[in-house]
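J.: Our numbering runs 854 ahead of the 1-based position in the sequence shown.
Got a structure here, written out as structure tokens. Questions coming.
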Amino acid sequence: MDSVPFGFCFDVMGRLDRSHRKRYSNVEQALTGRWKAAARRYLENDRGLRVTISFEEGEWGYTTIDYYDGDSLDEMLARDSRFLWFSTIYLHFPSGDRNSDDFVATCSKEDILID
């Protein structure tokens, strides 16, 4: 099993259900060689985010939460995109219910729409 290229092992790790980081830990403990290295790389670098896009009182805004180490939005976006995934994307968030203190910003609708 260790004769397959690292790139293949790495791609397979990226296809696992990423909402449960424990899986990478289990795979790392159970396997050896390239498979173990690929699992470890995902375990160390993989980050899930929650994004909320809202329109309240005539103003567009968004909130992000990094569940792992509290990186700023710029730090999250600077990561290798293979390790960045969205656990949840909310398109509306009721007023008064916003519970994130990680990152809140107001912006134009055009800023939210990505080319």
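The C-beta atom is built at its ideal place from N, Cα and C for all residues, glycine as well.
Quick caveat, the model's predicted, so the values are computed rather than measured.
Mapping DSSP to helix, strand and coil, what is glutamate 929?
T.: As a position in the sequence shown, residue 929 is number 75, starting the count at 1. Helix.
J.: With 16 other CB atoms within 10 Å as the buried threshold, where does arginine 869 fall?
T.: Taking the first residue of the sequence shown as 1, we reach residue 869 at position 15. With fewer than 16 Cβ atoms within 10 Å of its Cβ, arginine 869 is classed as exposed.
J.: Among all the DSSP beta bridges, which residues are the ones paired with glycine 924?
T.: Indexing the sequence shown from 1 puts residue 924 at position 70. According to DSSP, glycine 924 bridges with nothing at all.
J.: Does DSSP put serine 941 in a helix, a strand or coil?
T.: Taking the first residue of the sequence shown as position 1, residue 941 is located at position 87. Reduced to three states, the DSSP call for serine 941 is strand.
J.: Under 8 Å, do cysteine 961 and tyrosine 921 count as touching if we go by C-beta distance?
T.: As a position in the sequence shown, residue 961 is number 107, starting the count at 1. As a position in the sequence shown, residue 921 is number 67, starting the count at 1. Their beta carbons are not under 8 Å apart, which means cysteine 961 does not touch tyrosine 921 by this criterion.
J.: In whole angstroms, what separates the C-alpha of valine 1024 from that of glutamate 964?
T.: Given a span of 855 to 969 for the chain in the structure shown, any question on residue 1024 remains unanswerable.
J.: Quick check: the Cα distance between leucine 938 and glutamate 929, rounded to an integer number of angstroms?
T.: For the purposes of this step, residue 938 is identified with residue 84 of the sequence shown, where counting begins at 1. For the purposes of this step, residue 929 is identified with residue 75 of the sequence shown, where counting begins at 1. Rounded to whole angstroms, leucine 938 to glutamate 929 spans 11 Å at the Cα level.
J.: Roughly how many angstroms lie between the CA atoms of tyrosine 878 and leucine 897, to the nearest whole one?
T.: Taking the first residue of the sequence shown as 1, we reach residue 878 at position 24. Taking the first residue of the sequence shown as 1, we reach residue 897 at position 43. Rounded to whole angstroms, tyrosine 878 to leucine 897 spans 6 Å at the Cα level.
J.: Is arginine 901 closer than 8 Å to isoleucine 919 when the C-beta atoms are compared?
T.: Taking the first residue of the sequence shown as 1, we reach residue 919 at position 65. Taking the first residue of the sequence shown as 1, we reach residue 901 at position 47. No, they are not a contact pair.
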